[in-house]
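*Asks:* Numbering follows numbering that gives the first Met the number 0, with no gaps: position 232 of the sequence shown is 231.
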Amino acid sequence: MPYFCVIRVEGDDETVRMCRSCKWWNEGTVAVVTGANKGIGLEVCRQFATCGLNVILTARDADKGQKSAESLNNEGFQNVTFHQLDVTDKRSCFALASWLSEEHGGIDILVNNAGINGLLVDEAYMNENDIKLEDLMKEEHRSKGFIIEYESAKACVDTNYYGAKYVIEALLPLLRFSAQGARVVNVGSNFGLLKNLNCSKLQQKLSDLDNLSEAFLDELMKMYLTDVKQKSWEGKCWPLHFPSYKMSKVALHAYTRLLALQVQKKYPTDVKVFVNCVHPGFVRTDITGGRGRLSVQEGAENIVRVALLPPAECPSGQLFLERQLGVF
Ligand SMILES: NC(=O)c1ccc[n+]([C@@H]2O[C@H](COP(=O)([O-])OP(=O)(O)OC[C@H]3O[C@@H](n4cnc5c(N)ncnc54)[C@H](OP(=O)(O)O)[C@@H]3O)[C@@H](O)[C@H]2O)c1
């Protein structure tokens with residue numbers, strides 16, 4: 000089982016035992032998690048803390064983030080510290096970078112977890128059909144009950160794609176080059192798989208890494224948002240269901256692959272920076288309206304496992320669909 004570094008079979012003791020069995024980190028290993036005041040991000044912090052890492056829990060809302068960090072401190076995890084971070088605000092990203100540099104000198108693991116679903120609920124449809132939000136997320140309702148409009152689409156792309164990029168741009172220079180390798184884990188989604196696009200040409204273009212660029216991805220997001228603004232997005236390459244969320248994750252996945260290539264070319268071969276994406280599974284959190292197959296613990300484990308893979312087993316530029324390597 001090469002990719003099963005951290006497994007919670009049942010109960011916390013098992014998590015700790017499995018962590019120890021393949022441990023490459025120590026209490027000086029710094030892990031930063033974005034969007035960690037609740038949901039999967041908070042649980043990733045808890046699991047990192049259980050494994051003995053030095054955890055930086057970040058959140059856009061300082062009160063919420065501080066409270067979440069304190070709750071972990073109260074559980075006995077003194078190795079968790081809060082710092083404010085709004086991933087859509089470049090100044091906030093660089094303020095975090097400068098604090099990390101002063102306090103810790105560098106970081107070893109970055110988990111880009113912050114995300115929003117970009118959904119704007121159609122209240123009139125819900126009222127007319129007497130449907131609750133949880134029911135709206137069900138398969139049979141996916142094409143109905145949501146309004147696709149510019150503001151929420153832009154917020155979604157800004158958070159899930161540009162937000163992750165801003166954080167990486169600010170924190171990449173802080174990654175420490177150890178023999179164990181620094182790690183960037185972007186929390187992607189199976190909704191960001193290329194098969195969700197309605198256009199084989201675009202699928203091919205996004206698969207062709209040699210000819211892909213960040214400029215193309217930025218242009219693609221611009222085209223999508225322009226189409227939404229002009230209410231002309233239907234019948235094009237964009238997915239019909241949850242288009243903003245899916246497009247933002249498509250771009251995040253492609254960016255992850257590009258970044259993995261860039262760092263591989265930029266640094267000498269003995270310097271390792273592992274950059275991967277993880278789809279945590281369909282997890283019961285606020286983003287899914289509380290629906291899902293997995294608990295937050297199970298979803299977070301899928302991310303923690305990849306972040307803590309032993310160096311010899313850690314790929315780069317790959318997508319993990321829960322526990323398995325997947326196809327973009
Ligand atoms: N749950 C699933 O089934 C599922 C499946 C696939 C992928 N994912 C991905 O998993 C990640 C975590 O989602 P979740 O399920 O844990 O949802 P969640 O409970 O809604 O948590 C999302 C987190 O992101 C934070 N966030 C949003 N915008 C932010 C910003 N601008 N700056 C900093 N933080 C921000 C939220 O903070 P606030 O509290 O301030 O809003 C919250 O802490 C997301 O990237 C999501 O796309 C989830």
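The C-beta atom is built at its ideal place from N, Cα and C for all residues, glycine as well.
Looking at C-alpha atoms only, which residue of Asn159, Asp269, Leu293 and Lys271 is the closest neighbour of Pro279?
*Replies:* Taking only the C-alpha atoms, the option nearest Pro279 is Leu293.
*Asks:* Specify the secondary structure class of Val303 as computed by DSSP and reduced to three states.
*Replies:* In the structure shown, Val303 sits in a helix (DSSP, three-state: H, G or I).
*Asks:* Rank Asn36, Glu102, Lys66 and Pro309 by C-alpha distance to the C-alpha of Arg182 and give the top, closest one.
*Replies:* Checked all of Asn36, Glu102, Lys66 and Pro309; the closest Cα to Arg182 is Pro309.
*Asks:* Going residue by residue through the stretch 169 to 250, where are the continuous alpha helix (DSSP H) segments of at least 4 residues, counting only ones entirely within it?
*Replies:* Here the runs fully enclosed are 199 to 206 and 213 to 228.
*Asks:* In whole angstroms, what separates the C-alpha of Val274 from that of Lys63?
*Replies:* Their Cα atoms are separated by approximately 29 angstroms.
*Asks:* Secondary structure at Gln83, three-state DSSP: helix, strand or coil?
*Replies:* Strand.
*Asks:* By the three-class DSSP mapping on this structure, what secondary structure does Ala58 have?
*Replies:* Strand, per DSSP.
*Asks:* Based on Cα-Cα distance, which residue from Ser151, Asp107 and Ile167 lies nearest to Phe47?
*Replies:* The shortest C-alpha separation from Phe47 is found at Asp107.
*Asks:* Pop quiz: Ala163 and Asn185 are said to be a contact at Cβ under 8 angstroms. What is the actual Cβ separation, rounded to whole angstroms?
*Replies:* Yes, they are in contact, since the Cβ atoms of Ala163 and Asn185 sit about 6 angstroms apart, within 8 angstroms.
*Asks:* Which whole-angstrom value is the C-beta distance of Cys92 and Ala178, which I expect to be below 8 angstroms?
*Replies:* Actually they do not touch by this definition, with Cβ atoms about 28 angstroms apart.
*Asks:* Quick check: the Cα distance between Phe97 and Val86, rounded to an integer number of angstroms?
*Replies:* Note that residue 97 corresponds to Ser in the displayed sequence, not to Phe. One C-alpha to the other measures close to 15 angstroms.
*Asks:* At the level of alpha carbons, what is the spacing between Thr49 and Gly104?
*Replies:* If you take the alpha carbons of Thr49 and Gly104, they lie about 23 angstroms apart.
*Asks:* Apart from the five residues on each side of it in sequence, which residues of its chain come closer than 8 angstroms, Cβ to Cβ, to Glu148?
*Replies:* Once the five neighbours on either side are set aside, the close Cβ partners of Glu148 are Leu119 and Val227.
*Asks:* State buried or exposed for Ala58, treating a residue as buried only when at least 16 other CB atoms are found within 10 Å of its CB.
*Replies:* By the neighbour-count rule (16 or more Cβ atoms within 10 Å), Ala58 is buried.
*Asks:* Compute the beta-carbon to beta-carbon distance between Leu216 and Ala253, rounded to the nearest angstrom, for a pair I have assumed lies under 8 angstroms.
*Replies:* About 6 angstroms separates the two Cβ atoms, so the contact holds.
*Asks:* Give me, in chain order, the residues of the same chain whose beta-carbon lies closer than 6 angstroms to that of Gly298; leave out the 5 immediate sequence neighbours on both sides.
*Replies:* Excluding residues within five positions, the ones whose Cβ falls inside 6 angstroms are Ile39, Pro279, Gly280 and Val282.
*Asks:* Return yes when the C-beta of Thr158 is under 6 angstroms from any heavy atom of ligand 1, and no when it is not.
*Replies:* Checking every heavy atom of ligand 1 against the Cβ of Thr158, one is found closer than 6 angstroms.
*Asks:* Given a threshold of 16 other Cβ atoms within 10 Å of its Cβ, counted over all protein chains shown, does Gly27 qualify as buried or as exposed?
*Replies:* Classification of Gly27: exposed, given that the 10 Å Cβ count is below 16.
*Asks:* Please identify the residue among Leu95, Asp134 and Thr33 whose C-alpha is closest to the C-alpha of Gly291.
*Replies:* Cα-wise, what sits closest to Gly291 is Asp134.
*Asks:* Cys44 lies in the alpha helix (DSSP H); which residues open and close that run?
*Replies:* Note, Cys44: alpha helix (DSSP H), Gly38 to Thr49.
*Asks:* Is Ala35 closer than 7 angstroms to Cys44 when the C-beta atoms are compared?
*Replies:* Their beta carbons are under 7 angstroms apart, which means Cys44 touches Ala35 by this criterion.
*Asks:* Based on the DSSP output, what are the partners of Asn53 in its beta bridges?
*Replies:* Answer is Val29, bridged to Asn53.
*Asks:* The alpha helix (DSSP H) with Leu99 in it runs from where to where?
*Replies:* It spans Lys89 to His103 - the alpha helix (DSSP H) in which Leu99 sits, taken as one unbroken run.
*Asks:* Does the Cβ of Ser315 have 16 or more other Cβ atoms within 10 Å, making it buried, or fewer, making it exposed?
*Replies:* So Ser315 counts as buried.
*Asks:* Between Ala30 and Val110, which are expected to be in contact by the criterion C-beta below 8 angstroms, what is the C-beta distance as a whole number of angstroms?
*Replies:* Contact holds; Cβ gap of about 7 angstroms.
*Asks:* From this set, Gly288, Pro172 and Ser206, which residue's C-alpha is nearest Ser257's C-alpha?
*Replies:* Looking at the sequence provided, one finds Leu at residue 257 rather than Ser. Per the Cα distances, Ser206.
*Asks:* Nearest-angstrom Cα distance between Gln261 and Val272?
*Replies:* C-alpha separation (whole angstroms): 10 angstroms.
*Asks:* Buried or exposed for Val156, please, with buried defined as at least 16 other CB atoms from any protein chain shown within 10 angstroms of its CB.
*Replies:* With 16 or more other Cβ atoms within 10 Å, it is buried.
*Asks:* Would you tell me roughly how many angstroms separate the C-alpha atoms of Tyr2 and Val249, rounded to the nearest one?
*Replies:* Its pLDDT being 32, under 50, Tyr2 is placed unreliably in this model, and the coordinates cannot settle the point.
*Asks:* Do Gly187 and Cys313 have their beta-carbon atoms positioned less than 7 angstroms apart in this structure?
*Replies:* No, these two residues do not count as a Cβ contact at 7 angstroms.
*Asks:* Would you call the stretch 195 to 202 and the stretch 239 to 249 touching, i.e. three or more CB-CB distances under 8 angstroms?
*Replies:* Yes: the two stretches touch, three or more of their Cβ pairs being nearer than 8 angstroms.
*Asks:* For Leu71, which option in Glu102, Leu41, Asp60 and Gly117 has the closest C-alpha, if you only look at C-alpha atoms?
*Replies:* Among Glu102, Leu41, Asp60 and Gly117, the Cα nearest to that of Leu71 is on Leu41.
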